[in-house]
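J.:
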Amino acid sequence: MKAVILAGGYGTRISEESGVRPKPMVEIGGKPILWHIMKIYSHYNINEFIICCGYKGHIIKEYFANYFLYNSDVTFDMRSNGMEVHKNNTESWKVTLVDTGEGTMTGGRLKRVKDYVGDETFCLTYGDGVSDVNIAEAVEYHKSQGTKATLTAVQQPGRFGAFTLSSEATLVPQFKEKPTGGDMPWINGGFFVLEPSVFDYIEDDSTIWERGPLESLAEEGDLSAYRHRGFWQPMDTLRDKHVLEDLWQSGKAPWNVWHKMLSGAVN
Numbered sequence: 001m002k003a004v005i006l007a008g009g010y011g012t013r014i015s016e017e018s019g020v021r022p023k024p025m026v027e028i029g030g031k032p033i034l035w036h037i038m039k040i041y042s043h044y045n046i047n048e049f050i051i052c053c054g055y056k057g058h059i060i061k062e063y064f065a066n067y068f069l070y071n072s073d074v075t076f077d078m079r080s081n082g083m084e085v086h087k088n089n090t091e092s093w094k095v096t097l098v099d100t101g102e103g104t105m106t107g108g109r110l111k112r113v114k115d116y117v118g119d120e121t122f123c124l125t126y127g128d129g130v131s132d133v134n135i136a137e138a139v140e141y142h143k144s145q146g147t148k149a150t151l152t153a154v155q156q157p158g159r160f161g162a163f164t165l166s167s168e169a170t171l172v173p174q175f176k177e178k179p180t181g182g183d184m185p186w187i188n189g190g191f192f193v194l195e196p197s198v199f200d201y202i203e204d205d206s207t208i209w210e211r212g213p214l215e216s217l218a219e220e221g222d223l224s225a226y227r228h229r230g231f232w233q234p235m236d237t238l239r240d241k242h243v244l245e246d247l248w249q250s251g252k253a254p255w256n257v258w259h260k261m262l263s264g265a266v267n
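Per UniProt numbering, the sequence shown starts with residue 1, numbered consecutively.
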């Protein structure tokens with residue numbers, strides 16, 4: 001199975017970082033968040049990736065072009081212009097990097113990689129969010145539902161106190177500080193499992209995946225929801241980055257399903 005990762009947006013809400021690199025290349029623990037997402041999938045034996053590049057996509061291409069070198073012990077012999085690899089720590093990934101345009105919307109980006117996906121069930125997610133979602137269970141759930149698309153439904157803990165207020169009321173009837181669990185609505189957390197027939201719902205580069213296609217699939221009864229009650233965190237802002245960085249450095253990053261960290265160190 002292949003995993004498509006949307007990695008072409010501008011990331012304007014984290015402009016402190018995205019001004020110099022695409023958001024999926026913003027680092028957590030010295031590794032791009034894109035790498036963390038790929039490691040999650042790889043843990044479930046999904047090792048073929050299609051990356052939808054756009055804004056500053058050349059930086060993503062350069063990263064993978066040099067990935068083998070970055071993750072190996074090497075000796076350079078300047079006299080013979082040779083290189084000897086002593087130790088290779090790279091993953092068994094196959095990565096296809098596709099320029100899907102800077103101004104292309106999410107649906108359009110997906111449509112542009114149709115030929116690389118083929119005619120099999122595939123995964124899709126955003127290049128800026130991590131989770132401890134069980135990908136294998138999500139895939140099996142999707143197959144059991146028999147729908148064209150399955151999204152991972154998550155509940156993100158509230159950041160602020162919440163309350164209800166009618167149009168005429170001046171008093172707050174009930175207040176909850178940072179509501180969680182049953183008090184929170186289910187939202188789209190990405191980590192989709194899709195059938196190739198979803199491409200028929202995408203018109204062109206201007207199509208937003210989360211609007212026309214998903215809305216149509218839902219109306220037709222072809223959009224399932226795999227409920228994930230564990231950890232999920234997007235990296236929309238600099239604050240989010242700091243939250244993820246703190247978790248990683250503490251050695252308690254919930255999305256690190258591929259390796260239990262010791263003293264904050266990873267392979």
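For every residue, glycine included, the Cβ atom is placed at its ideal position computed from N, Cα and C. Predicted, not measured: the structure shown is a model, and the values here were computed from it.
Helix, strand or coil, according to DSSP, for Thr-237 in the structure here?
T.: Within the sequence shown, numbered from 1, the residue matching residue 237 stands at position 237. Coil at Thr-237, not helix or strand.
J.: Taking Cβ positions, are Cys-53 and Thr-100 nearer each other than 8 angstroms?
T.: As a working mapping, residue 53 is identified with position 53 in the sequence shown. As a working mapping, residue 100 is identified with position 100 in the sequence shown. Result yes, Cβ atoms of Cys-53 and Thr-100 sit closer than 8 angstroms.
J.: Rounded C-beta distance between Gly-108 and Asp-200? I'm assuming under 8 angstroms.
T.: Locating residue 108 in the sequence shown gives position 108, counting from the first residue. Locating residue 200 in the sequence shown gives position 200, counting from the first residue. Gly-108 to Asp-200, Cβ: 14 angstroms. No contact.
J.: Count the CB pairs spanning the region 113 to 131 and the region 214 to 227 that are closer than 8 angstroms, and state whether there are at least three.
T.: Too few Cβ pairs lie closer than 8 angstroms, so no.
J.: Give the secondary structure of Val-98 by DSSP, where H, G and I count as helix, E and B as strand, and everything else as coil.
T.: For the purposes of this step, residue 98 is taken as residue 98 along the sequence shown, with counting starting at 1. It is a strand residue.
J.: The beta strand (DSSP E) that contains Gly-82, what's its start and end?
T.: Here the question's residue 82 lines up with position 82 in the sequence shown. Segment 82 to 88, the beta strand (DSSP E) holding Gly-82.
J.: Alpha helix (DSSP H) containing Thr-106: first to last residue?
T.: Sequence index remark: in the sequence shown, residue 106 carries index 106 (1-based). Unbroken alpha helix (DSSP H) run through Thr-106: 106 to 112.
J.: Per DSSP, what kind of secondary structure is Val-130 in: helix, strand or coil?
T.: The residue given as residue 130 occupies position 130 in the sequence shown. In the structure shown, Val-130 sits in a strand (DSSP, three-state: E or B).
J.: Near Leu-247, which residues of its chain fall below 6 angstroms by C-beta distance, leaving aside the five closest residues on each side in sequence?
T.: Counting from one through the sequence shown, the residue named residue 247 turns up at place 247. Result list for Leu-247: Ala-253, in chain order.
J.: Using the rule of at least 16 other Cβ atoms within 10 Å of the residue's Cβ for burial, across every protein chain shown, is Ile-5 buried or exposed?
T.: Residue numbering aside, residue 5 sits at position 5 when the sequence shown is read from its first letter. Counting Cβ neighbours within 10 Å, Ile-5 comes out buried, since at least 16 surround it.
J.: I'd like to know if the region 182 to 197 and the region 136 to 156 are in contact, where contact means that at least 3 CB-CB pairs between them fall below 8 angstroms.
T.: Yes, the region 182 to 197 touches the region 136 to 156.
J.: Are the beta-carbon atoms belonging to Val-257 and His-58 less than 8 angstroms from one another?
T.: Counted from its first residue, the sequence shown places residue 257 at position 257. Counted from its first residue, the sequence shown places residue 58 at position 58. Going by C-beta atoms, Val-257 is not nearer than 8 angstroms to His-58.
J.: Out of Phe-76, Lys-94, Ser-72 and Val-130, which has the shortest C-alpha to C-alpha gap to Asn-88?
T.: Here the question's residue 88 lines up with position 88 in the sequence shown. Nearest option by C-alpha distance: Ser-72.
J.: Keeping to the same chain, check which residues put their C-beta closer than 7 angstroms to that of Phe-231; ignore five residues upstream and five downstream.
T.: In the sequence shown, residue 231 corresponds to position 231, counting from 1. Hits under 7 angstroms: Ser-131, Asp-132, Pro-254 and Trp-255.
J.: When the Cα atoms are used, what is the spatial distance from Ile-50 to Trp-35?
T.: Counting from one through the sequence shown, the residue named residue 50 turns up at place 50. Counting from one through the sequence shown, the residue named residue 35 turns up at place 35. Cα to Cα, Ile-50 sits roughly 13 angstroms from Trp-35.
J.: Compare the C-alpha of Gln-145 against each of Val-193, Lys-114 and Gly-30 and name the closest.
T.: Position 145 of the sequence shown, counted from the start, is the residue given in the question as residue 145. Closest by alpha carbon: Val-193.
J.: Quick one: residues in its chain with C-beta nearer than 7 angstroms to the C-beta of Trp-209, no 5 flanking neighbours on either side, listed in chain order?
T.: Residue numbering aside, residue 209 sits at position 209 when the sequence shown is read from its first letter. Hits under 7 angstroms: Thr-106, Gly-107 and Leu-110.
J.: Is it buried or exposed, Leu-69, if we count other Cβ atoms within 10 angstroms and call 16 or more buried?
T.: Working through the sequence shown from its first residue, we reach residue 69 at position 69. Leu-69 comes out exposed.
J.: Going by DSSP in three states, Asn-267 sits in which element: helix, strand or coil?
T.: Taking the sequence shown and counting its residues from 1, the one referred to as residue 267 is at position 267. Interpretation of Asn-267 is limited by its pLDDT of 38, a score under 50 that renders its predicted location unreliable; the figure taken from the coordinates is listed afterwards. Note: Asn-267 maps to coil in three-state DSSP.
J.: Three-state secondary structure (DSSP) at Phe-199?
T.: For the purposes of this step, residue 199 is identified with residue 199 of the sequence shown, where counting begins at 1. Three-state DSSP puts Phe-199 in a helix.
J.: Smallest Cα separation from Asn-66: which of Thr-90, Lys-114, Asn-47 and Ser-80?
T.: As a first step, residue 66 is located in the sequence shown; it is residue number 66 there, counting from the start. Taking only the C-alpha atoms, the option nearest Asn-66 is Thr-90.
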